[in-house]
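S.K.:
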Amino acid sequence: MLNNIKFGTQITIGFGVVVLLFIALATFSWTKLDDLAGIFEDFEDSAQISTDTARLGGSIASAGATVEYYLDEKNGIVGDDVIAAMQSVRDQAESLYARGIASAEGLVELKARHLVETQRMIELHSLRNELTSEIQNLGVQHRRGIGALLAALVS
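Residue numbers (this note's numbering): 534 to 688.
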């Protein structure tokens, strides 16, 4: 069959087949590279979410330590520091939720509740400190009064 076709035509047909195969290979490679680019984008998003989640875990631990320092009255931690630490955790959880991490919704709600509870804890802690100071002052006054009473009884 190929013997009936001129040599130049055979070369042209062969060249055409090679060009078609090259176009098919290029098209296949191009689509696979696009797929691979999508996979890399997904991986990058996953890596960033993993990093943000680890950062959130550190912030939760830091907020817990801030609460403990506040209650123990160490390191000059004040109520605003506690609120700021709790707000930071809530903001990070909200960021994860906004990026499509559904499990972060519960954490956002929990941290919103913690902010309200923390504010109440700070108010009660301040009240406790005021009452403790008042009791200490009354104790000093009563000791002085008892000392004066004993001195009057002895004389």
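All C-beta atoms, glycine included, are put in the ideal place defined by N, C-alpha and C.
1) Is the number of C-beta pairs between the region 604-617 and the region 562-578 that are closer than 8 Å three or more?
2) Do L629 and D578 have their beta-carbon atoms positioned less than 7 Å apart in this structure?
3) Could you check which residue in D624, H647 and I668 has the C-alpha nearest to that of A637?
4) DSSP three-state call for R653: helix, strand or coil?
5) If we count the other Cβ atoms within 10 Å of its Cβ and call it buried at 16 or more, is V550 buried or exposed?
6) For the ligand MG, I want to know if I546 counts as a neighbour, meaning its beta carbon is within less than 6 Å of at least one of the ligand's heavy atoms.
7) Please list the terminal residues of the continuous alpha helix (DSSP H) segment that includes I538.
8) Looking at the structure shown, is N608 part of a helix, part of a strand, or coil, going by DSSP?
9) Are L640 and A626 close, meaning C-beta to C-beta below 7 Å?
10) Distance, Cα to Cα, K644 vs T651?
11) Distance, Cα to Cα, I610 vs L648?
12) Return yes when the Cβ of S592 is within less than 7 Å of the Cβ of V622, no when it is not.
M.R.: So, to answer that:
1) no
2) no
3) D624
4) helix
5) exposed
6) This structure lacks the ligand MG, and indeed carries no ligand of any kind.
7) Unbroken run through I538: none, as it is neither H nor E.
8) coil
9) yes
10) 10 Å
11) 17 Å
12) yes
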